[in-house]
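Numbering (the numbering used here), first residue to last: 158 to 597.
Each residue gets a CB set at the ideal place from its N, CA and C atoms; glycine is no exception.
Since this is a predicted model, take the numbers as computed values, not measurements.
In structure tokens, the structure reads:
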């Protein structure tokens, strides 16, 4: 009995002196490695790791460490914890600010573990969890956020909830944007980008010129800023166009020109893998008013060429399993298949969103005509959503007059009083954009 009493007294004395403490590992159990951007295989690219506290209590990070094992290091500590991470909070550890002391390469095997030198509380092992090399803006993510399953994405969710993109959960408001507009969107700490977002716009259809190699660095910075703000960026592809209209049908040999379709597919993959866009917007997916002259057979014809392009781009998008959305710009005349090869009821079997360019001032449409055309496309969309393309200026192409916010909003209300479900403004740089926060 004396022995036990003596032991208890000794323990109490030690505790009073601070010698006996709870296992420090218990302080940060539940903390997760939630997202990893491993890009050290690319020169000057940033690597970062997101830690996430999914619990309801704060976690003390003192004593925690992040360790890496790869072809260079064997369980080397590359981050040392300090401070506290609150419930639901995320902590970004990056090579950019030095908090992550070495880069991580996704083109070779590596293992990250969270814990102490002797104890692991969470880990990611590339060969087991996600044996894929990351795309330029991609990351390994727990899906759902904080869940058990890992997936490699071509886009990242840096500092935000990990989720498979779903365009139906966004507002159906978009803007066509040229590459030359990027600088004004990013000026003054992205003042214009943030302003338009606050007005209720959510989708950017970014012209293909922005993805030219000379613009890569600027466009990547734009994409990061846009997504951090809350925008979804779509790459605006030129389909049957390459400095001039391109006929996708070899009329003489009764076949499709596979090199044309291959180039379009390659462009789509490039925009996804090298830039991490979440949408593919098809422009010039039409004939130039002479579609009826390019129908050599029932098997090979203008409508078939347009549908083939739609189907193949949808297949490209779906192959990534990331919710990448497809859309297409259509000419605004109803029943005009013989001119443009565009049959919306067939295109809509593959494309998520049809965007007829119902430019009332170019076509001299009345309010009633606008509604009639919009309803026709909505009723003949083949199951796709229909967002109306709207001008933000009056006059012809060579004599434009920018519209006021009140004038543009009046037209928006006309189109939203139809069976269409969204609007796309053409274009940024012309007109004063109105508040559309009340739109779905």
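Asked                                                                                                                                                                        : Found
Can you find the residues in the same chain that come closer than 6 Å, C-beta to C-beta, to residue 221, ignoring five residues on each side of it along the sequence?       : 185, 238
Can at least three beta-carbon pairs, one atom from the segment 445-457 and one from the segment 365-377, be found at a separation below 8 Å?                                : no
Given a cut-off of 9 Å on the beta-carbon distance, is the pair residue 504 and residue 539 in contact?                                                                      : yes
How is residue 285 classed by DSSP in three states: helix, strand or coil?                                                                                                   : helix
Check whether the segment 417-426 and the segment 453-471 touch, using three or more Cβ-Cβ pairs below 8 Å as the test.                                                      : yes
For residue 487 and residue 530, what's the separation of their Cα atoms in angstroms?                                                                                       : 12 Å
What are the uninterrupted segments assigned as beta strand (DSSP E) that are 3 or more residues long and contained completely in the segment 442-466, given in chain order? : none
Closer than 8 Å is the cut-off here; do at least three beta carbon pairs connect the segment 343-362 with the segment 290-309?                                               : no
Among 483, 525, 537, 524, which has the Cα closest to the Cα of residue 493?                                                                                                 : 537
Under 9 Å, do residue 289 and residue 301 count as touching if we go by C-beta distance?                                                                                     : no
Taking buried to mean at least 16 other C-beta atoms within 10 Å of its own C-beta, is residue 499 buried or exposed?                                                        : buried
Among 442, 191, 561, 366, whose alpha-carbon lies nearest the alpha-carbon of residue 108?                                                                                   : This structure cannot speak to residue 108, because the chain is shown only from 158 to 597.
Nearest-angstrom Cα distance between residue 101 and residue 324?                                                                                                            : Because the chain is modelled from 158 through 597, residue 101 falls outside the range shown and cannot be assessed.
What would DSSP say about residue 268, mapped onto helix, strand or coil?                                                                                                    : strand
Could you give the residue range of the beta strand (DSSP E) that holds residue 298?                                                                                         : 296-300
Would residue 544 and residue 195 qualify as a contact pair, given that the criterion is a beta-carbon distance under 9 Å?                                                   : no
The alpha helix (DSSP H) that contains residue 352, what's its start and end?                                                                                                : 339-355
Note down, in chain order, each residue of its chain lying with its Cβ closer than 6 Å to the Cβ of residue 579, except the 5 sequence neighbours on either side.            : 329, 544
Compute the Euclidean distance between the alpha carbons of residue 433 and residue 292, then round it to the nearest angstrom.                                              : 8 Å
Using beta-carbon positions only, say whether residue 428 and residue 394 come within less than 9 Å of one another.                                                          : yes
Where residue 462 and residue 405 are concerned, what is the direct C-alpha to C-alpha distance, given to the nearest angstrom?                                              : 7 Å
Classify residue 234 as buried or exposed, calling it buried when 16 or more other Cβ atoms lie within 10 Å of its own Cβ.                                                   : exposed
Report back the beta-carbon spacing between residue 598 and residue 549 to the nearest angstrom; my notes put them in contact at under 8 Å.                                  : The chain is shown only over 158 to 597; residue 598 falls outside these bounds and no answer can be derived.
Considering only residues of the same chain and omitting the five flanking positions on each side of residue 390, which have a CB-CB separation below 6 Å?                   : 361, 363, 380, 383, 434
Only counting the same chain, and skipping five residues up and downstream in sequence, which positions put a Cβ closer than 7 Å to that of residue 491?                     : 530, 533
Using three-state DSSP, classify residue 501 as helix, strand or coil.                                                                                                       : helix
So what does DSSP say about residue 573, is it helix, strand or coil?                                                                                                        : helix
In the DSSP assignment, what residue or residues form a beta bridge with residue 246?                                                                                        : Answer is none; residue 246 lacks a bridge partner.
DSSP on residue 178, reduced to helix/strand/coil?                                                                                                                           : With a pLDDT of only 38 at residue 178, under the threshold of 50, the placement of this residue in the model should not be trusted; the figure read from the coordinates follows. Coil, per DSSP.
Pick helix, strand or coil for residue 515, following the three-state DSSP scheme.                                                                                           : coil
What does DSSP give as the partner residue(s) for residue 437 in the beta ladder?                                                                                            : 392, 483
In three-state terms, what does DSSP make of residue 280?                                                                                                                    : strand
What whole-angstrom Cβ distance do residue 240 and residue 218 have, given they're in contact under 8 Å?                                                                     : 6 Å
Mark residue 311 as exposed unless 16 or more other C-beta atoms lie within 10 angstroms of its C-beta, in which case mark it buried.                                        : buried
Thinking residue 557 and residue 587 are a contact (beta carbons under 8 Å), I'd like their distance in whole angstroms, please.                                             : 6 Å
If you measure between the beta carbons of residue 474 and residue 442, is that distance less than 9 Å?                                                                      : no
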